[in-house]
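*Asks:* Read in the numbering used here, the sequence shown has 874 at position 143, and its numbers run on one by one without any break.
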Amino acid sequence: MTDSAAPKDRMDVRRRELLRGAVAGAGIAGLTLALGGRVASAKGIGSPALALAHLKNVDAGVLNIAYYEAGPADGPAVVLLHGFPYDIEAYAEVAPILAAAGCRVIVPYLRGFGPTRFLNAGTLRSGEFAAFGADLLALLDALALPRAVLAGYDWGGKAASAVAALWPERCAGLVSGNGYAFADPSAALVPALPESEIPLWWQFYFQTERGRAGYAKYRREFNRLFWKQWSPAWHFDDATFARTAASFDNPDHVDVSIHSFRHRFGAVKGDPAYAEIDRKLASLPAIPVRTVTLDGGDDGAHRPTDGSAQAAKFTGPRTHRVIPGAGHNLPQEAPSAFADAVLELVRADRRSR
């Protein structure tokens, strides 16, 4: 099933006042900012950002994960997962919408981002997709969440999809940016036409030691360029980028990032701890849970589709939507459409019980 979601990104003053009131009524402490800044939407209109001073931490698997939490503790659990190169600020508008609707909202920093840290100096700083899935499963266990709606895009979408595919009993519903998250590893070295290869220039650059050194030195410059190229219609300001850019100062950010892009081309080995998960994901498992897949209509990293080519990989109920005007950073550019997709799954899960 395919439908189209109209963009709801132009928030007027009255809507922002209503949002603040709704969140205040839900007892969410994060909406009035300790940081004093504002996040730009896709149309350049500001909105409240998360109060990053109110983070929590939990040991989960190989990580101490820093996360933001909002909403009632007994509400239906929702975990929101950011991608590369973004962080939890991507959910600055989505989180309060969901919390005001009664959800318990968890927004973690992925490995290599923000205050999240490895517990052991000897752990491989792996960026393989199996590792992100294992991290998410460990977080659900650490927070004693038997089930949650999982929503993400880019790396976060791969983490959410891994749990949905391999541990579907833990997933009450899946929102996945860019659809099915996994690709046949045997096809990684198959060349494509030049026009298809050119947009991946940075992945090839990161295969080299010059690329590692360049990203280590110029990570802010690279990531700002990615934001512009992947979301050409998103007019973010300097303050918006600066809030997320602080997450790239994580001491493991470069190692995790470079390992991720090298692993997908088979240039480095993965962590043996995730070998079984990696093997299962390489088999391209079907996703049996209720799912909403989203494409940005102006995504410069992944061209939008009608979703039909991936339909066989979703054996549960699935809806595919293209969000006009949105680029790669879906929740930050089109927060209402993203929140609507999550709430649709929350309501569907309630009805099924």
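Ideal Cβ positions, reconstructed from N, Cα and C, are used throughout, including at glycine.
Considering only C-alpha positions, which residue in the set 786, 863, 984, 940 is nearest to residue 812?
*Replies:* 863
*Asks:* Buried or exposed: where does residue 1014 fall if 16 or more other Cβ atoms within 10 Å of its Cβ makes it buried?
*Replies:* A residue is called buried when at least 16 other Cβ atoms come within 10 angstroms of its Cβ; residue 1014 does not meet this threshold and is exposed.
*Asks:* Residue range of the beta strand (DSSP E) that residue 796 falls in?
*Replies:* 794–801
*Asks:* Examine the Cβ distances between the stretch 1013–1033 and the stretch 1056–1075 and report whether three or more of them are shorter than 8 Å.
*Replies:* yes
*Asks:* Since residue 1032 and residue 994 should fall inside the 8 Å C-beta cutoff, what is the C-beta to C-beta distance between them, to a whole number of angstroms?
*Replies:* About 18 Å; that fails the 8 Å criterion.
*Asks:* How do the stretch 822–840 and the stretch 792–811 stand: do at least 3 beta-carbon pairs fall below 8 Å, yes or no?
*Replies:* Enough Cβ pairs lie closer than 8 Å, so yes.
*Asks:* Residue 918 to residue 981, Cα distance in whole Å?
*Replies:* 32 Å
*Asks:* If you count every other CB in all the chains shown that lies within 10 Å of the CB of residue 851, and 16 or more means buried, which is it?
*Replies:* exposed
*Asks:* Given a cut-off of 9 Å, decide if residue 882 and residue 905 are closer than it, judged by their beta-carbon atoms.
*Replies:* In this structure, residue 882 lies closer than 9 Å to residue 905 by Cβ.
*Asks:* Compute the distance between the beta-carbons of residue 1047 and residue 1021, then report whether it is under 9 Å.
*Replies:* yes
*Asks:* For residue 975, which option in 825, 892, 893, 840 has the closest C-alpha, if you only look at C-alpha atoms?
*Replies:* Nearest neighbour of residue 975 by Cα position, chosen from 825, 892, 893, 840, turns out to be 840.
*Asks:* To which residues does DSSP link residue 914 through a beta bridge?
*Replies:* Per DSSP, none; premise fails for residue 914.
*Asks:* Identify, in the order they occur along the chain, each residue of the same chain with its Cβ nearer than 8 Å to the Cβ of residue 938, setting aside the five sequence neighbours on each side.
*Replies:* Correct list, in chain order: 992, 993, 996, 998.
*Asks:* Name the DSSP bridge partner or partners of residue 788?
*Replies:* 797
*Asks:* For residue 1079 versus residue 1052, is the C-beta distance shorter than 9 Å?
*Replies:* no
*Asks:* Could you check what DSSP says for residue 984 in three-state terms: helix, strand or coil?
*Replies:* helix
*Asks:* Taking the alpha helix (DSSP H) that residue 828 belongs to, which residues open and close that run?
*Replies:* 825–831
*Asks:* State the CB to CB distance for the pair residue 1050 and residue 1023, rounded to an integer number of angstroms; the pair is presumed to be in contact (CB under 8 Å).
*Replies:* 5 Å
*Asks:* Note down, in chain order, each residue of its chain lying with its Cβ closer than 7 Å to the Cβ of residue 800, except the 5 sequence neighbours on either side.
*Replies:* Once the five neighbours on either side are set aside, the close Cβ partners of residue 800 are 787, 836, 837.
*Asks:* According to DSSP, what are the bridge partners of residue 879?
*Replies:* 902
*Asks:* Looking at the structure shown, is residue 1091 part of a helix, part of a strand, or coil, going by DSSP?
*Replies:* With the chain represented from 732 up to 1084, any question about residue 1091 goes unanswered, as that position is not in the structure.
*Asks:* Near residue 979, what residues of its chain come up, given a Cβ to Cβ distance below 6 Å and the 5 sequence neighbours on each side ignored?
*Replies:* Only residues of its own chain outside the window of five on either side were considered, and among them 950 have a CB closer than 6 Å to the CB of residue 979, listed in chain order.
*Asks:* Are the beta-carbon atoms belonging to residue 1041 and residue 884 less than 9 Å from one another?
*Replies:* no
*Asks:* Does residue 987 pass the burial test, meaning 16 or more other C-beta atoms within 10 Å, or should it be called exposed?
*Replies:* buried
*Asks:* When you compare only the Cα positions, how much space is there between residue 845 and residue 1068?
*Replies:* Residue 845 and residue 1068 have their alpha carbons spaced roughly 26 Å apart.
*Asks:* Leaving out the 5 sequence neighbours to the left and right, which residues in its chain are closer than 8 Å to residue 1081 when beta-carbon positions are compared?
*Replies:* 807
*Asks:* Grouping DSSP H, G and I as helix and E and B as strand, with all else coil, what is residue 921?
*Replies:* coil
*Asks:* Bridge partners of residue 943, per DSSP?
*Replies:* Looking at the DSSP assignment, residue 943 forms no beta bridge with any residue, so it has no partner.
*Asks:* Using 8 Å for Cβ pairs, my map puts residue 879 next to residue 868. What's the rounded Cβ distance?
*Replies:* In fact, because the Cβ distance is near 11 Å, the residues do not count as touching under 8 Å.
*Asks:* Would you give the residue range spanned by the alpha helix (DSSP H) that residue 971 belongs to?
*Replies:* 969–976
*Asks:* Roughly how many angstroms separate the alpha carbons of residue 743 and residue 954, rounded to a whole number?
*Replies:* Because residue 743 sits at a pLDDT of 34, beneath the cut-off of 50, its placement in the model cannot be relied upon, and the point is left open.
*Asks:* Taking 9 Å as the threshold (C-beta atoms), are residue 873 and residue 791 in contact?
*Replies:* yes
*Asks:* Do you know offhand how far residue 1055's Cα is from residue 965's?
*Replies:* 12 Å
*Asks:* Quick one: what's got a C-beta closer than 6 Å to residue 875's C-beta in the same chain, skipping five residues either side?
*Replies:* none
*Asks:* Got a sec? Which residues, its chain only, sit under 7 Å from residue 1001 by beta carbon, not counting five neighbours each side?
*Replies:* Scanning its chain for C-beta atoms nearer than 7 Å, with the 5 sequence neighbours on each side dropped, one finds around residue 1001 the residues 857, 859, 861, 994, 1009, in chain order.
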